[in-house]
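If you want our numbering, it's the position in the sequence shown, counting the first as 1, plus 321.
Backbone N, C-alpha and C fix where the C-beta goes; we use that ideal spot for every residue, glycine too.
Small disclaimer: the values here were computed from a predicted structure and weren't measured.
A quick write-up on the structure given underneath.
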Amino acid sequence: MSWAEFTATYAPTGGPIRLGSWSARKCGLGQWEFRTTFGVGTSIRRAEAVAPGPMSALTALLHDSGCPIEILGFHQQQWDGRTATLVLCEAGGRSGWAFGLGEGTTESALRAMVAAANRLHG
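Here it is in structure tokens:
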């Protein structure tokens, strides 16, 4: 499988779910407030979630938008000066791997989660 085939399969950039802006602000002991601009289908909305981390927040936001996924496996490592994330997710009895590559751990993980949601709900 070529790199282009791998990314087209496991890190699709097209699909019904799109993540725009993302910000985090500490709001208590072990809690963060995450704010995002988030697209599902033809609608775009601003959303907030309070969670201990970005993966928890995005999981809640996906659920609230009608695209729930459950994380079954998570792997992250440095790769060529960037962070690569692989997630195994399940939704509606289907499971599959997805991939995200980013400048840091959060960016990479969020990209992998959006790719997983698009693979399972797209």
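What are the start and end residues of the beta strand (DSSP E) that includes E369?
Here the question's residue 369 lines up with position 48 in the sequence shown. Taken as a continuous stretch (DSSP letters only), the beta strand (DSSP E) holding E369 covers 364 to 372.
Unbroken beta strand (DSSP E) run spanning A419, endpoints
Counting from one through the sequence shown, the residue named residue 419 turns up at place 98. For A419, the enclosing beta strand (DSSP E) starts and ends at 415 to 423.
Counting only the same chain and skipping the five closest in sequence on each side, list residues whose C-beta sits under 6 Å from that of R432.
Translated into the one-based positions of the sequence shown, residue 432 becomes position 111. So the list reads G421, G423, once near-sequence residues are dropped.
Mapping the DSSP letters down to three states, classify S342 as helix, strand or coil.
In the sequence shown, counting from the first residue as 1, residue 342 sits at position 21. S342 falls in the strand class under three-state DSSP.
Counting C-beta neighbours from all protein chains within 10 Å, is the total for T426 16 or more, i.e. buried, or is it exposed?
Your numbering for residue 426 matches position 105 in the sequence shown. Burial call: exposed.
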